[in-house]
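Student:
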Amino acid sequence: MKINSIALFCGSAEGFQPKYKEIAVNFGERCAHDHIVLYYGGAALGLMKAAADACRGKNGKVIGIAPNFFSNSTVIDTSLHELYLVDTMSERKQMLEREADAFVSLPGSYGTMDEFFEVLTDAQLGLHHKPVAIFNAFGYYNPLIEQLKIFEEEGFLRDFHFNLLIVATSIDELFDKLNSYENSNDRHWLDKIKK
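The following block contains the structure:
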């Protein structure tokens, strides 16, 4: 499938090691190079800012979606040409899911996992058929991937739902997998659970 836009989920911190910012910059630059619109949480902080600034720095298109309760002076990037303010975090996630063609998680923590698991669960339920990816640079998400395998091995996650997730360890692998994505969900299973 042709990916025209990506919603990025990642930290509002940079982490302790500069390598994390470097991959965020590389990701943003790749979006610009491939003419992919970058949607993100609209923050002027952390990996979020690094990716957005890198994309804009290469003349890419960046769209921010932020809850209006964050501070304009410290959190929200008011320099964005396209910035949508919503009332809640839930509204932000819904808008990101509706607008983007794909979803990518870089290193982050609570907020990143909240966004990641919501779009992955919605893919499981057939509410969208878009690719959901983890950019597992430096093995950051190895423990999470191992936990997902335990879900599958213990009978709490079907194999075709486990296979909904893309895992990549390089920028090239990530974009190759996004562009060649085929949804693995089972139509018969979806027919059983939905009206």
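Residue 191 in numbering that gives the first Met the number 0 sits at position 192 of the sequence shown, and the numbers go up by one each step. Yeah, the Cβ is synthetic: ideal placement off N, Cα and C, and Gly gets one too. From a predicted model like this one, the values you see are computed outputs, not experimental measurements.
#1: Determine the closest residue to alanine 12 out of Leu156, Tyr109, Glu151, Phe150, with distance taken between C-alpha atoms.
#2: Does the distance from the CB of glycine 177 to the CB of isoleucine 64 come in under 8 Å?
#3: Whose C-alpha, out of Ile133, Gly125, Ala167, Thr168, is nearest the C-alpha of valine 103?
#4: Is the segment 29 to 37 touching the segment 135 to 145 in the sense that three or more CB pairs, one from each, lie closer than 8 Å?
#5: Give the C-beta separation of serine 179 and leucine 163 to the nearest angstrom, bearing in mind that I take them to be a contact with Cβ-Cβ under 8 Å.
#6: If we ignore side chains and look at the alpha-carbon of each, how far apart do glycine 41 and aspartate 86 end up?
#7: Does DSSP put phenylalanine 102 in a helix, in a strand, or in coil?
#8: DSSP on serine 89, reduced to helix/strand/coil?
#9: Where does threonine 111 land, buried or exposed, given buried means 16+ other C-beta within 10 angstroms?
#10: Provide the residue span of the beta strand (DSSP E) that contains leucine 37, from first to last.
#11: So, with DSSP's three-state summary, where would you put glutamate 13?
Tutor: By the coordinates alone:
#1: Tyr109
#2: In the sequence as displayed, the identity of residue 177 is leucine instead of glycine. Not in contact: leucine 177 and isoleucine 64 (Cβ atoms no closer than 8 Å).
#3: Ile133
#4: The segment 135 to 145, when compared against the segment 29 to 37, does not touch it at the 8 Å Cβ threshold.
#5: That pair is no contact at about 14 Å.
#6: 14 Å
#7: strand
#8: helix
#9: Flag for threonine 111 reads buried.
#10: From DSSP, the beta strand (DSSP E) with leucine 37 extends over 36 to 39.
#11: coil
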